[in-house]
Amino acid sequence: MPNSRRLAFARTLALVAGAAVLAAPLSASTPAQAQSATRARASDMTPDQLLADFIHYVKIDQRELAESFGKALLELGLTPGQFLALVEDTPQAQVRFDEAVRDALRDARLQPIAGELSRLLENGRLEQARDPNAITRNIELLSGPLRARTLARQRLIEAGQYSVPQLLAAMLNPNDPVTSLEARRLLRDLEADAVAPLTAALPRLGPAGQEQVAIVLGEIGHAESAPFLAELARSQASVPGVRAAATQALARVSPGADARTTAELYLQLAERYYAEPRELTRFAGEEHQLVWVYDPAVGLFPTPVRTEVFHEAMAMRFAERALREDSNIAGAVPLWIASNFSREIDSPSDYDNPTYGVERRDAMYYAVAAGSDATQAVLARALADRDTALALLAIEALSRTAGGAALWSGTPADKPLLDALSYADRRVQFAAAMVLGNARPGESFPGSERIVPILASAVRDAGDRFAIVLGRSIESEQRLTDMLQARGYTVVGRGSTLNEVRAAVADAPGVDLLVVDQGRGATEEILRGARADAKLRVTPILAVLPYDDMSALSTTTLGSSPLVRLMRQGVSESQITEGIDTLLAGAGWGQESAQDMNTRAVGALGVLRDIAGGRSALNVGDATAPLLSALDTTSGGVRLFVADVLSRIAERRAQVGLMEAAFAAEGGERLALMTLVSDSAKRFGPMLDDRHVRRLLELASEGPDDEAIAAASLLGALNLPGRSIVPLLLGAD
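For the sequence shown, the numbering used here gives the first residue as 1303, with consecutive numbering after it.
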C-alpha cells in the first residue's frame, strides 16, 4: 500500500535523524525540506511505531519531527477506542504518553496535536467505561469473587451516571438479593452522579422502588434531591412507608426544608441550575450532558443535551415543576423567561434541542406574553449577573410591552431600566435610552438627564469599537495595537497596568475589548481591577499568558468567567484573532454590517427628533455637542438626518454648526443643509455671525442659480435689517 511505503520511509528518516553520525546530511537540507521528507516517509509506519516516535521526539525536544509523527498518527483516523487500545497494548506507552503530552502542551507548535491525542485517549477511556454491555458484565460480576467484584465496582464508578439505569434495575430486582444489595451500595457511592437519574425515576416508580430510592437519596445527602423527596413525603397518594422514608431522607438532605413549600424547593433548585455551578455539571469539558427521563415501560434513559444549553434546560424544567405546584409562586416566571432567553443565546447554530420541542415558539414570544413586570425582573437579573446579551433581549421585550410612567417611576434600585442607563456596555445603555426616549416622559426622574446624550452618542459613535491594550513590553503593546487597529478597533489607551490607562478609560465612550499580555500575577490584578471599575465591569477580556500561568488561572473564578478568554503566549496572530471572535461572540458582539449601524443611528435620531418636536421633560439640547461631532463623521442620509435634528435645537451653536457644514458641502448636500439652516432660523430666529451673512450674500450674488436661490431664501428666513440686503440689490444693477 502507498501509505505503508510512506510510513516506512518516515521511520527510516526518523532513525537517521536520531543518529549522530548521519547528522550532517540531514542538517544540510533546510528545516522545511527535512520536515517535508519526514511527512512523506511517515506513512509506511504502523500506528504503534508512530506513537513511539511521537513520544520519543517530544522527549528529546525535536519539535519538527514530533509534529510530523503526531500529525501522521492523527491522520490515521483512529477511533477513540482504537487509540485507547493502541496506548494500552504498547508496553510502557501509557506512562510515557502522558508525560509526552504534558511536555507537548507547553509548546505552541505541538499543543494542538498533543491536545487532540489527549482528547482521543480520554474519549476512548470514557467510551470503554460507558459501554452498556460492559456495564452489564460488570454488574453481573458484583455477585462474584472478591477480586472480580472489586474490579467491577471500580469500572462502574468510572462509568458514573451512565451506569445508573442498570444499577437501578439491579437494585429493584427481588430475584437477586446479593446483586441488589451491591447495586444499592454502588448507587450510594456514586454520590452526586446518581442523584439526577434517581430523582427523575422517583415519581414514577412503584411504592417499593420509591422507598428504596428515597433511602439511597437520603444516604447520598445531596440537596438536589430535596424537592423530589418533599413532593413524595407530602403527597397523600404516597403509601405510609414511602412517606416515612421520604420524610426521613428529606431531613438529611435539607434540614430546613420544612420551612419551605415544595414549589419553593423546586424554584430553589431551578435557580441553582441557572447559576451553572460546577457541582451540577456532571461531565465538565464534554460536549454533552444528560437529561434523564423514566418510563415504566422502558426504564430509566438519558437524553444527551449540548452542554451550552443543559443548565438552561434544567432550570426551565424545575421552574415549570414549581409552577405546577404553585402557579402564583413569585420569581418562577421571570426565571423561566431568563432561562429561555439564555437557551437561545447559548444554543449552537442549527442545533435541534431535544428538550425544547418544535411546537414551542421563540423565547421572545413568551417574554412579551408574560408582561412588563416579569420582563423587568429578567432585566434586573441580567444587570446583576452582568449578562449583557440577556439584558439586551429583556429591554427589547420591554420595548414591545411597557410604556408610561411605569418605566421610570421609583428608584433605579426597583426600576432596572433606569439602572441600565449606567450599565457598562454601551449597547445596553442605548437600548434602555431608546425605550425611555420613545416614551417621551413628561416629568424628569433620576437618570433622565442621561437619555438624550446616550442617544446622541449612539449616532456619533455608530460602528466604533474601542479597545485598551496592557502589554508586558512596548513591543508587545505595539504588536497587539497594530493587530486590533487592523481589525477596525480604536485603541484608546495602552500601557502595562490599569492605572496607566485610567484617564483613557474615563474619556472613552466605552471600552469594548481589553487585551492583556502579562504573567499570572499581573493578569489577576488587572482582572480584579477591571471588574471593580464601573466602565470595565462587563468588558470582554482576552488574556495571553505563559502556558503554566494560563492553566493555573483557568481554574479560578476570575479566569473561568465567560467574559474572559485565556490564551497561551506564543500563539499566532490568527489564533488571537479567532480567540477575540469567540470571546466577543460569547459576549453578544456579533459582526455588524454598515446597514445595521445605520439602522441604530437612524433609530436614535428618530427618537431625538420626536423629543424635539413634542412635549417632553427631556432636553434635546443635551444632544447638541455629540450631534455636531456626528455631523463631521457621518455621511449621506444619516448626515442629513443629524442636520435635521440640529435644526430643531434652539441653540446658537446648532445653527452655526449647520451653516458651517453647508459652506463646506457641495452640490445637493449644500442645498439641503442651507434649507435646514433656514428651518432653524424660522423656528428660533437668526443666530448666525456677520461672517456667515457676508458669505451668504456672496453666494446669493455670485453662486450658481440653485445655490443663489437657496442662499437668498436663507437670507429671507434670517429676516435681516434692510441695509444688510442692500449690497445684493445694488449688485443686481
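Even glycine gets a Cβ: it sits at the ideal position worked out from N, Cα and C. Since we're looking at a predicted model, the values are computed, not measured.
- E1513 to S1641, Cα distance in whole Å? When only Cα atoms are considered, E1513 and S1641 end up about 33 Å apart.
- Leaving aside the five residues before and after A1494 along the sequence, list all residues of the same chain whose C-beta is less than 6 Å from its C-beta, in chain order. Answer for A1494: H1524, listed in chain order.
- Exposure of R1950, with buried meaning 16 or more beta-carbon neighbours within 10 Å: buried
- Message: So, with DSSP's three-state summary, where would you put F1732?
- Response: helix
- Message: So, does the region 1946 to 1961 touch the region 1771 to 1786, judging by three or more C-beta pairs under 8 Å?
- Response: At 8 Å Cβ cutoff, the stretches do not touch.
- Item | Span of the beta strand (DSSP E), counted from its first residue to its last, around Q1787 | Careful: Q1787 lies outside any beta strand (DSSP E), inside the alpha helix (DSSP H) at I1776 to A1788.
- Among the residues of its own chain, which have a CB less than 6 Å from the CB of I1415, if the five just before and after it don't count? G1372
- Please confirm if the region 1549 to 1557 is in contact with the region 1590 to 1607, defined as three or more CB-CB distances below 8 Å between the two stretches. no
- Query: Got a sec? Which residues, its chain only, sit under 6 Å from A1334 by beta carbon, not counting five neighbours each side?
  - Reply: Any reading at A1334 is ruled out, since the residue's pLDDT is 47, under 50, leaving its predicted position unreliable.
- Of all the options V1518, L1865 and R1917, which has the alpha carbon lying nearest to the alpha carbon of L1492? V1518
- Item | Run of the beta strand (DSSP E) containing H1590, from where it starts to where it stops | H1590 to D1597
- With which residues is P1604 paired in a DSSP beta bridge? W1594
- Task: Assign Q1538 to buried or exposed, taking buried as 16 or more other Cβ atoms, counted over all protein chains shown, within 10 Å of its Cβ.
- Result: Within 10 angstroms of the beta-carbon of Q1538 lie fewer than 16 other beta-carbons, which makes it exposed.
- Which residue's Cα is closest to the Cα of A1676: T1703, V1940 and A1472? T1703
- Touching by the beta-carbon criterion (3+ pairs, under 8 Å), the region 1422 to 1440 and the region 1373 to 1385: yes
- Task: Return the CA-CA distance between D1654 and W1638, expressed in angstroms with no decimal places.
- Result: Straight-line Cα distance between these residues: approximately 20 Å.
- By how many angstroms is the C-alpha of A1696 removed from the C-alpha of A1708? 16 Å
- Message: Please give the ranges of any beta strand (DSSP E) in the region 1825 to 1886, keeping only runs that are unbroken, at least 3 residues long and fully inside the region.
- Response: 1843 to 1847 and 1866 to 1870
- Task: Could you tell me which residues DSSP puts in a beta bridge with A1769?
- Result: V1793 and L1815
- Item | Pair within 8 Å by beta-carbon distance, A2058 and A1431 | Residue 2058 is absent from the model: the chain starts at 1303 and stops at 2035.
- Starting from I1415, follow the alpha helix (DSSP H) in both directions and report where the run begins and ends. Q1413 to R1432
- Would a C-beta distance cut-off of 8 Å place T1998 and A2013 closer than the cut-off? Note on identity: in this sequence residue 1998 is Leu, with Thr being the wrong assignment. With respect to the 8 Å criterion, L1998 and A2013 are classified as neighbours on the basis of their beta carbons.
- Task: Just confirm the distance between the C-beta atoms of A1532 and T1564, as a whole number of angstroms; I'd bet it's less than 8 Å.
- Result: 5 Å
- Query: Skipping 5 residues on each side, what residues in its chain have a beta carbon closer than 8 Å to that of L1700?
  - Reply: Non-local C-beta neighbours of L1700 in its own chain, meaning closer than 8 Å and more than five positions away in sequence, comprise S1674, T1677, Q1678, L1681, L1709, L1719 and V1737, ordered along the chain.
- Task: Leaving out five residues on either side along the sequence, give the residues of the same chain with a beta carbon under 7 Å from the beta carbon of P1434.
- Result: none
- Which two residues bound the contiguous alpha helix (DSSP H) that contains M1961? That run of the alpha helix (DSSP H) goes R1954 to A1966.
- Any chance you could list the alpha helix (DSSP H) runs of at least 4 consecutive residues sitting entirely within the region 1600 to 1682, in chain order? 1609 to 1627, 1634 to 1648 and 1665 to 1672
- Which one of P1656, D1652, A1634 and T1452 has the shortest CA to CA distance from A1669? A1634
- Query: Should P1928 go down as buried or exposed, given a rule of 16 or more other Cβ atoms within 10 Å for buried?
  - Reply: buried
- How long is the line joining the alpha carbons of G1908 and D1763, rounded to whole angstroms? 16 Å
- Task: Counting only the same chain and skipping the five closest in sequence on each side, list residues whose C-beta sits under 8 Å from that of I1913.
- Result: G1739, R1742, V1754, L1920 and V1922
- Message: For T1348 and G1881, what's the separation of their Cα atoms in angstroms?
- Response: 36 Å
- Task: Identify which residue in A1824, P1650, R1645 and G1543 has its Cα closest to the Cα of D1664.
- Result: R1645
- P2005 to D1766 span [Cα, whole Å]: In the sequence under discussion, the amino acid at residue 2005 is Gly, which differs from the Pro named in the question. Straight-line measurement puts the Cα of D1766 at about 38 Å from the Cα of G2005.
- Taking C-alpha atoms, which residue in V1771, G1706, T1977 and L1488 lies nearest to I1437? L1488
- Considering only residues of the same chain and omitting the five flanking positions on each side of G1795, which have a CB-CB separation below 6 Å? I1770, V1803 and A1806
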